[in-house]
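Everything below concerns the one structure shown next.
Residue numbers (the numbering used here): 481 to 532.
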């Protein structure tokens, strides 16, 4: 866990719960979508190497 993630997931919850709830929604969406972005990046990488 990075310091940034720890700040957002643990410390912000204690410091400002209302902001934590907003940020958590965004982080949860990002977590659900990141495998798609990773797959797209890998696809582009191999398309670039096969085009050479």
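All C-beta atoms, glycine included, are put in the ideal place defined by N, C-alpha and C. Small disclaimer: the values here were computed from a predicted structure and weren't measured.
Where the alpha helix (DSSP H) containing residue i begins and where it ends
i	result
residue 489	Neither: residue 489 is in no alpha helix (DSSP H) and is coded neither H nor E.
residue 522	497 to 531
Chain-order list of residues whose beta-carbon lies under 8 Å from that of residue i (same chain, five-residue window excluded)
i	result
residue 496	none
Contact set for residue i: own chain, Cβ-Cβ below 7 Å, skip 5 residues either direction
i	result
residue 499	492
Nearest residue (CA-CA) to residue i, options the options
i	options	result
residue 507	486, 520, 527	486
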